[in-house]
Structure formats: C-alpha cells, structure tokens
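See the structure below:
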C-alpha cells in the first residue's frame, strides 16, 4: 500500500506483440486465415477466387454480417433474439403486402415495414426487461408468432405463400435502390473496357463486365459493421452496452439505464433483420413465407465464432463480422470445391467448436476469469 | 461540527415484517462511522434507505441540515451519497477505465458527434489508481484480473473522484484476505482524511475498531446506541451485536475465540 513505485512481482510482463495479439477478435482472425488457407489450397482453380467467385461469397458473407451486427450488440448487452429469422420473413412479406397487394408506393411500404418490425423489437425488449424472463423464451414466442403471421396473412389475402412482382412495383422508386441497387457500375464497366476484369464474350450482354456493380447489401453490411464497432467501442452508449450485459445490477447502481439500453438493442436487431429482408426481396423480386428460416442461429453462430460471450458483457463487432465472413466463405467454398453439401454442417460444427474453445482461452487471458 | 446526514427515527416495514423499528443515527464529515450488527439486524435495509433504494415507512432523512426525499438511487448519487456494494462494485469483464467511468463517461465532440473520451478516461484512471496504490498494467486491464481488495479500492476511488460526500461501504472486507483487508482499511483512512463521511458496514469488530471513529450497533431493527472511539471495548461491541446473553454462554464453551 505504501510502496507505489514497484510493480506487482506476480503480474508477468507482457510483450508488445502479445498485447497487440490478445484481443477479442483474435479467434476470428485466426479462423479467417485458416479457412482462406484451406480454400486457396483445395479450391483455387474452382473459380472461387475470380471476380464472380469473390462477389459470390462476399455477398453471402455480407448477408450474415448484417444480422450478425445486431445479434452481436444484443448479445453483448446480455440478451438473445431468436425471432430474427421470422422477422426477416415477416418484414419481406409486409413489403409485398403493402407494396404489391395494396399497391402503395414502395418507399411507404419500406418505411412502414421498418416501423412495424422495430416496434416488434421494442416489444420483445419491453417484455424481457419488465418480466425479467429470459430473452431466449420471450423471443422464441415471437419466433412462432411472426412466422405464423407471415404464413397466415398472404394465404388469407392472396391464397398463396409467395408474393412476386416486387421488383416491378419498386421501379422508379427513390428509396428501393438504397436496398436493391448496385453501386460502382461505371467503374466496373471501365475496368472491363480496359480488360482488367473479364467481360461477357457472347450473348446480349457482350462487352459488359461480369460484375456490373457492388450490391447495396454489401454496402449495408460494411456500414453496419463500422457503425456497430464505433458505437460499441467509442461511445458512452457502447460502455452502457458492455455494462448492461456484464452485470445489469452493478450497472444500475452506477446509474446506467440498463432497461433502455436493452430495449434499444432489441430494436436495433429488428432493424438489421429488416435491412436484410428488404435487400432480399428487392433482389429476388418476391417475398416468401419461409424466408429467413434458421437465420437467428446463423447470426448467433457468427457472433460466437467472432469471440462474443453467450452470457453477455464481452464481444466485438469486428469479430462478429469475421465470424460472418468465415461462415460465408465456408458455405460457398464447399460448393466451389464440389464437396457434398451435407458436409457443410459437419464443417460448421467443427469450426464452431474450435472457435469457442480458442475464444474461451483468449478471453481468460484478457479478463482473468478462471 | 454539523452532521452531514441525520437519520431520524427511520422505520421500514415490508408488509407485516418490521425491518427497521426506529433507527436514529447522525453521520459527520471526516469520520468513519461503523454500523455493526449480526445478520438480519437491519444493516442492509438501513443503508438502502440512505442510498435511495428503499423509502422509509416513517422517519426523516436530513442531508446537510435540510430534509431530503430520495425517490431512487440516482437522487442520492446526485446529492453526493455513493454506495459501494460488496459484490456489485465492478464488472469483471470490463476494463478498469471503462468501469471507473461507468455511468459518468467523459465525452469529447468530434464533428458534433459525442464520443467516449478514452484518452481522458485512461489518464484519470491511471492517476487515481496510482494514488490508491494500485499498479495497473494499463487502463485497459480487465477488472477480473484484480484482487477482491483492489476491486473495492477501485470502487472507492471512483466514488471519491465523482464527488461523494458520503461513502457507504457495504461489508467491504467480509470476503477479503488479511492483506487485502488491510489495504481496504488504509483506503478508508485516506478517504476519511479528505473530509468525506464514511459509513462502514461490517460484522467484524476488529475491522471496525481499526478505522472507526464512532460505532453504532443495530440489533433486530433498533439501535443499541452510538459510542465514540475509546468509549467501548471490542468485547462489549461483540456482545451488543449478538444480543449479549447467548453469545456469552457460547463463548465460554469456545474459550473466548469468537
């Protein structure tokens, strides 16, 4: 107590490299290096690493990223949302109902869908914080309720479970391209004209580059990852997210509005699910009652691979994004490598297990848990 | 000297259970006031009344001479009453600096947006920790890597840094080893010398005797009275806490070791 100059002899000195390496994202980084090494070795010639191949697995990874960002922040705040998949199906169906069946302008359909879905997110959060029930149970109920509506509503009004014509309805709309459009078309055209990327050599697309732009889905994914990372690590609210998930009671005693933080995170998760859904219906041109099935687990798996703690209070958005990338690369890579698709689940299980073991070890190094 | 907080005839009923049956205690700045009592004596209920968690059923709280109403913990924190709870002081998964500023995050504006000022937070945390005699590897070190005594010390330093006039410590030493207890008691001594009123809840007479200026014993929701340092012996305190009689008999059979 009196001697303040000497360091504690029981705390080992850590080298700079070791300190820089030991981060929540380390597991995700190791995983990314591992899967890329694997596929570069075994699927290099399969077309996985040419322009189209890269765009293919990037798009799939971006889909995972969008929902993983929401699931990640919510998990760090100490809660789960199992209704993400149903929310995706529900949001897509709402767009179709408002925009196609009712024939409202697409931008109104999109905005109303966002409002409804975020309200459902808020309701999830409100029930969880007011009843003190595990979010696992509350959102499991929402999973069934939303999926039920997603099947019931189109069957009742249209007598079918898939509603098409969304792309036509979105024609000329000002908001829809924000989700369904592509950016950078002229750049890719210019690259193609100069022969730096391959172009179509036959057919009515002759001369056009094989990639005609970056889908807005990817832009959304990158934007959400950056936004989530900055909010979590660089703002007061981010500190409250960690505190709410780390120990809600201790956070309350310190004056953190824990309930409001959790409700906002449920709303953000719903927002991410809706972004996913709108991008998807714009791409497919239709909404289906079975869309988004099992997405909640895929989001949670990506987040856990990325180093977040299932019980909350610890994690990283960058890690979750890397987890989503691993997920996307493995799923599409096995397809490119011509591996029997059922083996994807085996791979996924192995990766999940290895990632959790590695992450647990890293976390113990950082937090001193025993 | 004027008391900073006067608790007058505080009663707290939970349904048909009378947890506090009229407790009157004054707390003075720059003093360490030990509240002693066995389990169930009403210590926790009493400090929760002071910190705004519970509203008293009857009685009056005077803060700096004026009657005070605390509707929730934030009111009492705003008034300058900080409470350090035994297990709930810190969040182990978070860094020391994030913990230190939890709920009071410093803000810096970049392009009109409000960001967490990590530089300021890290600098203050390192300085305050050095003052308290804790050597951190860095401000980003997780609280989970600190010992129990160090965690209590961080929590106390935090309360003092954010301007606490009254510091309530709920059994800060009950789960600690000998050396860590000594560290926490030394911290209490430092804080008291800064003119802060320390309310020290414990059921360990020796810890109380080490730092206490005044001693109040609670038993079955009532005060057994308040004694100044030097007016009372550890044995007397021990007997009062246990309600006298029974422990005296027990102690005989244990050879005075309790």
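Chains as they are written, first to last, in the UniProt record's numbering: chain F, 1 to 370; chain U, 1 to 258.
Even glycine gets a Cβ: it sits at the ideal position worked out from N, Cα and C.
Please read all numbers here as calculations on a predicted model, not as lab measurements.
{"Query": "Neighbouring residues, chain B, relative to residue 105 of chain U (Cβ below 7 Å)", "Result": "Within the model displayed, chain B is absent; protein chains F and U are what it includes."}
{"Query": "Per DSSP, the bridge partner or partners of residue 116 of chain U", "Result": "U:107"}
{"Query": "Contact under 8 Å by Cβ, residue 226 of chain U with residue 215 of chain U", "Result": "yes"}
{"Query": "Close-in-space but distant-in-sequence residues of the same chain around residue 105 of chain F (CB under 7 Å, 5 per side omitted)", "Result": "173"}
{"Query": "Member of F:320, F:71, F:318 whose CA lies at the smallest distance from the CA of residue 272 of chain F", "Result": "F:71"}
{"Query": "Partner residues on chain F for residue 85 of chain U, Cβ-Cβ distance less than 9 Å", "Result": "249, 250, 253"}
{"Query": "Option nearest residue 24 of chain U by Cα separation, candidates U:84, U:173, U:188, U:9", "Result": "U:9"}
{"Query": "Proximal residues of chain U, C-beta to C-beta of residue 314 of chain F below 8 Å", "Result": "93"}
{"Query": "First through last residue of the alpha helix (DSSP H) which encompasses residue 209 of chain U", "Result": "205-211"}
{"Query": "Beta bridge counterpart(s) of residue 6 of chain U as assigned by DSSP", "Result": "U:26, U:62"}
{"Query": "Residue nearest to residue 288 of chain F in terms of C-alpha spacing, selected from F:126, F:24, F:234, F:151", "Result": "F:151"}
{"Query": "Whether residue 43 of chain F touches residue 336 of chain F by CB criterion (8 Å)", "Result": "yes"}
{"Query": "Chain-ordered chain F contacts of residue 74 of chain U [CB-CB under 8 Å]", "Result": "255"}
{"Query": "Residue environment, residue 110 of chain U, which counts as buried when at least 16 other CB atoms sit within 10 Å", "Result": "exposed"}
{"Query": "Residue 176 of chain U versus U:152, U:162, U:191, residue with shortest Cα-Cα distance", "Result": "U:152"}
{"Query": "8 Å Cβ cutoff, residue 114 of chain U in contact with chain F", "Result": "yes"}
{"Query": "Distance between residue 27 of chain U and residue 315 of chain F (C-alpha atoms, nearest Å)", "Result": "43 Å"}
{"Query": "Terminal residues of the alpha helix (DSSP H) in which residue 161 of chain U lies", "Result": "148-161"}
{"Query": "Whole-angstrom C-beta distance between residue 180 of chain F and residue 279 of chain F, which should lie under 8 Å", "Result": "7 Å"}
{"Query": "Any chain U beta carbon closer than 8 Å to residue 71 of chain F", "Result": "no"}
{"Query": "Closest residue to residue 97 of chain F among F:136, F:166, F:57 (Cα-Cα distance)", "Result": "F:166"}
{"Query": "Through-space distance from residue 92 of chain F to residue 292 of chain F, alpha-carbon basis", "Result": "9 Å"}
{"Query": "Nearest-angstrom Cα separation, counted from residue 156 of chain F out to residue 112 of chain F", "Result": "20 Å"}
{"Query": "Of the residues F:79, F:74, F:190, F:114, the one placed nearest residue 87 of chain F, counting alpha carbons only", "Result": "F:114"}
{"Query": "Entirely enclosed alpha helix (DSSP H) segments - the stretch 248-325 of chain F, minimum 4 residues", "Result": "248-253, 258-284, 295-305"}
{"Query": "Residue 205 of chain F (DSSP reduced to helix, strand or coil)", "Result": "coil"}
{"Query": "Through-space distance from residue 161 of chain U to residue 154 of chain F, alpha-carbon basis", "Result": "60 Å"}
{"Query": "Interface partners of residue 67 of chain F on chain U, CB under 7 Å", "Result": "Under the 7 Å cutoff, chain U gives no residues; its nearest Cβ is about 24 Å from residue 67 of chain F."}
{"Query": "Terminal residues of the alpha helix (DSSP H) in which residue 98 of chain U lies", "Result": "96-100"}
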